[in-house]
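Numbering (this note's numbering), first residue to last: 5 to 390.
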């Protein structure tokens with residue numbers, strides 16, 4: 005589970021009454037917020053290591069009831085929609101009074117049950133609880149991540165190729181960049197600049213987000229800047245805990261050359277989520293990209309991660325994004341493709357569309373021959389797969 009933030013990020017830690025703490029990243033760019041925790045990582049929250057993730061921990065009645073009550077308080081005070089937050093809090097408090105959690109004896113069962121009960125009141129795919137196998141200390145003071153935390157995060161990101169799975173150039177001078185995630189901007193920006201430099205001479209570009217579950221919103225802004233003519237109004241971001249509303253402007257200039265006035269196609273699937281949806285939504289809304297594939301999952305609102313106790317945390321949407329062009333967002337509905345097609349066939353479909361668009365606008369005879377030959381080879385493959 006991830007959550008995203010945008011342009012330049014401000015890491016902060018908010019104090020919560022009764023020693024509760026929220027570790028958050030509040031973004032200042034265009035879209036949503038993929039919560040990455042500065043004092044412990046999102047992987048820590050999820051127990052990402054395979055061996056750790058299989059382990060469970062017991063809970064007693066005191067721990068269980070405290071987690072339920074604290075979750076209710078956090079949701080009531082911080083959920084993006086105050087009315088929905090109050091309904092969710094009242095629902096789990098009522099279940100607690102009725103003894104519905106009395107037989108829960110493990111952390112895994114408790115986080116699954118609470119997450120389900122909250123979502124029964126308000127469907128929100130960013131909203132969920134998780135637990136630490138090894139308890140984390142409760143923090144009571146603000147602080148930026150340590151040098152060790154940053155180094156560990158950068159090393160982990162490097163092992164994932166900074167979110168870039170592949171960069172390909174296909175016949176007809178159509179390039180493709182496959183992104184699995186939007187990694188931390190400090191390490192992702194140079195990698196994205198290198199990828200964009202490689203594809204800059206392509207006549208069309210496909211960006212594959214079919215396996216992308218989100219990431220850092222600031223990195224979304226970094227990439228989007230390559231396809232925008234200049235600084236562009238993005239969204240309004242309302243943050244309920246602070247009561248602030250900020251207007252977001254995209255980066256005025258990317259690190260490398262822009263990719264303008266050429267076909268741009270974005271591949272999506274049902275797995276595309278959060279920051280990845282935000283990138284597709286923003287460029288689609290501005291008429292700068294054609295989205296090909298499946299409707300995405302539909303998680304738009306900014307998320308913060310609140311530590312409930314040494315062993316429990318909640319991913320809690322605390323804000324609302326309103327796009328400057330659409331006056332809305334993709335929460336609960338996803339990004340709807342311009343060219344609906346099964347995710348497995350989206351790449352071939354987008355490639356064909358790119359070739360067709362280039363054929364329409366090309367006058368050079370040799371280039372036309374190359375494009376038509378590429379299209380002729382592609383069509384039988386599409387027919388066979390269909």
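Quick reminder that beta carbons are idealized off the backbone N, C-alpha and C, glycines included.
Around the beta carbon of residue 200, 16 or more other beta carbons sit within 10 angstroms, so the residue counts as buried. In the assembly as shown, residue 155 is an exposed residue. Its beta-carbon has fewer than 16 other beta-carbons within 10 Å. A straight-line Cα-Cα distance of about 23 angstroms links residue 204 and residue 289. Within the segment 154–227, the alpha helix (DSSP H) runs of at least 4 residues that lie entirely inside it are, in chain order, 189–203. In this structure, residue 177 sits near residue 206, with a CB-CB distance shorter than 7 angstroms. With a threshold of 16 other beta carbon atoms within 10 Å, residue 255 meets it and is buried. The residues 356, in chain order, have a CB closer than 8 angstroms to that of residue 383 in the same chain once the five nearest residues on each side in sequence are set aside. Considering only 258, 244 and 297, the residue with the shortest C-alpha distance to residue 270 is 297. Less than 7 angstroms divides the Cβ of residue 266 from the Cβ of residue 208.
The C-beta distance from residue 319 to residue 307 rounds to 5 angstroms, short enough to meet the 8 angstroms contact threshold. For the pair residue 300 and residue 276, the CB atoms are nearer than the 7 angstroms cut-off. Excluding residues up to 5 positions away in sequence, 129, 334, 335, 336, 337 and 338 lie with their Cβ nearer than 7 angstroms to the Cβ of residue 302 in the same chain. Taking a C-beta distance under 7 angstroms as the contact criterion, residue 223 and residue 189 qualify as a contact pair. With fewer than 16 other beta carbons inside 10 angstroms of its own, residue 372 counts as exposed.
A distance below 7 angstroms separates the beta carbons of residue 295 and residue 272. For residue 338, no beta strand (DSSP E) run applies, since DSSP gives it neither H nor E. Taking C-alpha positions only, residue 76 is separated from residue 161 by approximately 34 angstroms. Residue 183 sits buried, since 16 or more C-beta atoms from the chains shown fall within 10 Å of its C-beta. Burial check for residue 120: the Cβ neighbour count within 10 Å stays below 16, so the residue is exposed. DSSP, reduced to helix, strand and coil, places residue 252 within a strand of the structure shown. Taking the CA atoms as reference points, residue 257 sits about 32 angstroms from residue 352. Residue pairing by DSSP puts residue 307 in a beta bridge opposite 321. Looking at the DSSP output, residue 316 bridges to 135 and 313.
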